[in-house]
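Numbering follows my numbering, in which position 160 of the sequence shown is assigned residue number 189; successive positions increment by one, without gaps.
Built from N, CA and C at the ideal position, the CB exists for glycine as well.
Presented below is the structure to which this report refers.
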Amino acid sequence: MLGQALNLAPGTRALDLASGSGELLCTWARDHRVTGTGVDISTQGIAKARARAAELGVADRVEFVHGDASGYVADEPVDLAACIGATWIGGGVAGTVELLGRSLRPGGLMLIGEPYWREAPPDQETVRACHADSPSDFRTLPELIEQFGHLGYDTVEMVLADHDSWDRYRAAQWHNLRRWLDQNPGDELAAEVRAELATAPARYARYEREYLGWGVFALMGR
30 MLGQALNLAP GTRALDLASG SGELLCTWAR DHRVTGTGVD ISTQGIAKAR ARAAELGVAD
90 RVEFVHGDAS GYVADEPVDL AACIGATWIG GGVAGTVELL GRSLRPGGLM LIGEPYWREA
150 PPDQETVRAC HADSPSDFRT LPELIEQFGH LGYDTVEMVL ADHDSWDRYR AAQWHNLRRW
210 LDQNPGDELA AEVRAELATA PARYARYERE YLGWGVFALM GR
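In structure tokens, the structure reads:
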């Protein structure tokens, strides 16, 4: 969906910082013939990304580098620079925009994936349940778009998660936890995982589903 919204052209050169398991680059390489590099500090994530590239037959078009994404700058400017859900690598949105901009060619496309408040959290309990320490950790959607503008970027596209896609994403995590518990009942982490599975669905329904939104924003420098 995101690749279609961006109308990615074959041969687009992409950089994905904190690329995780590499799904973004691998599927774009398959579906849109994008080429590019993913960078992640997790050796497990890099291994999964390389395996996924081989599975999809795109290992000749994408590479995955084990390293600290917070200081990574491409050797040559890229057409698209992305950080999806990991703006901590730049100390927040502003720092991540600056970091990505150092690898982006003039007129290129920047992608930022970031949570936002659907509405202001009423109390600290809600803030904590939405994985934040303070209400100021996230902005509302209009405030986030305005921040991009203050940083010198136009928002030219956005793909926002609706409740159904949020539900699918979170429910898949619960299912994975349950399968892990079934397969590892005697593991030293089993009690902790059991406690998380017992509380996470209701916590999500009560807080995160109602107050926290998620979007990927396409930006172009002014």
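**Study point:** Three-pair Cβ contact test at 8 Å for the segment 145-156 versus the segment 74-86
**Key:** no
Practice item. Can you grab the Cα-Cα spacing for the pair residue 19 / residue 137, in whole Å? Key: No answer is possible for residue 19: it lies beyond the span of the chain, which begins at 30 and ends at 251.
**Study point:** Rounded straight-line distance, which links the Cα of residue 133 to that of residue 185
**Key:** Residue numbering aside, residue 185 sits at position 156 when the sequence shown is read from its first letter. Residue numbering aside, residue 133 sits at position 104 when the sequence shown is read from its first letter. Their Cα atoms are separated by approximately 16 Å.
Practice item. Count the C-beta pairs between the segment 110-126 and the segment 37-52 that are closer than 8 Å, then say yes if the count reaches three, no if not. Key: yes
Exercise for review: Can you say whether residue 198 is buried or exposed, counting buried as having 16 or more other CB atoms within 10 angstroms of its CB?
Suggested key: One-based indexing of the sequence shown puts residue 198 at position 169. Classification for residue 198: exposed.
Exercise for review: Please name the residue, chosen from 166, 73, 35 and 30, that lies closest to residue 49 on a Cα-to-Cα basis.
Suggested key: Position 20 of the sequence shown holds residue 49. The option with the nearest alpha carbon to residue 49 is 73.
Point to revise | Whole-angstrom distance between residue 116 and residue 126, CA atom to CA atom | key: Numbered from 1 along the sequence shown, position 97 holds the residue referred to as residue 126. Numbered from 1 along the sequence shown, position 87 holds the residue referred to as residue 116. C-alpha separation (whole angstroms): 9 Å.
Review point. From which residue to which residue does the beta strand (DSSP E) around residue 203 run?
Key: For the purposes of this step, residue 203 is identified with residue 174 of the sequence shown, where counting begins at 1. Note, residue 203: premise wrong, no beta strand (DSSP E); alpha helix (DSSP H) at 192-212.
Practice item. Kindly list the residues whose CB is nearer than 6 Å to the CB of residue 57, restricted to its own chain and excluding five residues on each side of it in sequence; keep chain order. Key: Walking along the sequence shown from the start, residue 57 turns up at place 28. Hits under 6 Å: 32 and 63.
Check your understanding: In angstroms, rounded to a whole number, what distance separates the CA positions of residue 97 and residue 70?
Key -> Counted from its first residue, the sequence shown places residue 97 at position 68. Counted from its first residue, the sequence shown places residue 70 at position 41. One C-alpha to the other measures close to 5 Å.
**Study point:** N- and C-terminal bounds of the beta strand (DSSP E) containing residue 146
**Key:** Taking the sequence shown and counting its residues from 1, the one referred to as residue 146 is at position 117. Run containing residue 146: 133-146, per the beta strand (DSSP E) assignment.
Check your understanding: What first and last residue would you give for the beta strand (DSSP E) that runs through residue 95?
Key -> As a working mapping, residue 95 is identified with position 66 in the sequence shown. From DSSP, the beta strand (DSSP E) with residue 95 extends over 91-95.
Check your understanding: If residue 51 sits next to residue 67, beta carbons under 8 Å apart, how far is it from one beta carbon to the other, in whole angstroms?
Key -> Looking up residue 51 in the sequence shown gives position 22. Looking up residue 67 in the sequence shown gives position 38. Under the criterion of beta carbons closer than 8 Å, residue 51 and residue 67 qualify as touching, at roughly 5 Å.
Check your understanding: Going by Cα to Cα distance, which pick from 38, 37, 130 and 124 is closest to residue 249?
Key -> Within the sequence shown, residue 249 is the residue found at index 220, counting from 1. Distances from the alpha-carbon of residue 249 to those of 38, 37, 130 and 124 put 130 closest.
Review point. For the putative contact between residue 251 and residue 182, defined by C-beta atoms under 8 Å, what is the C-beta separation to the nearest angstrom?
Key: Walking along the sequence shown from the start, residue 251 turns up at place 222. Walking along the sequence shown from the start, residue 182 turns up at place 153. Indeed they touch by this definition, with Cβ atoms about 7 Å apart.
Check your understanding: Which of the three DSSP states, helix, strand or coil, is assigned to residue 113?
Key -> Position 84 of the sequence shown, counting from 1, holds the residue named residue 113. Residue 113: strand per DSSP, three-state reduction.
**Study point:** Residue from 84, 206 and 228 with nearest C-alpha to residue 218
**Key:** Walking along the sequence shown from the start, residue 218 turns up at place 189. Nearest of 84, 206 and 228 to residue 218, Cα basis: 206.
Practice item. Could you check the C-alpha separation between residue 235 and residue 213 for me, to the nearest Å? Key: Walking along the sequence shown from the start, residue 235 turns up at place 206. Walking along the sequence shown from the start, residue 213 turns up at place 184. Approximately 29 Å between the Cα atoms of the pair.
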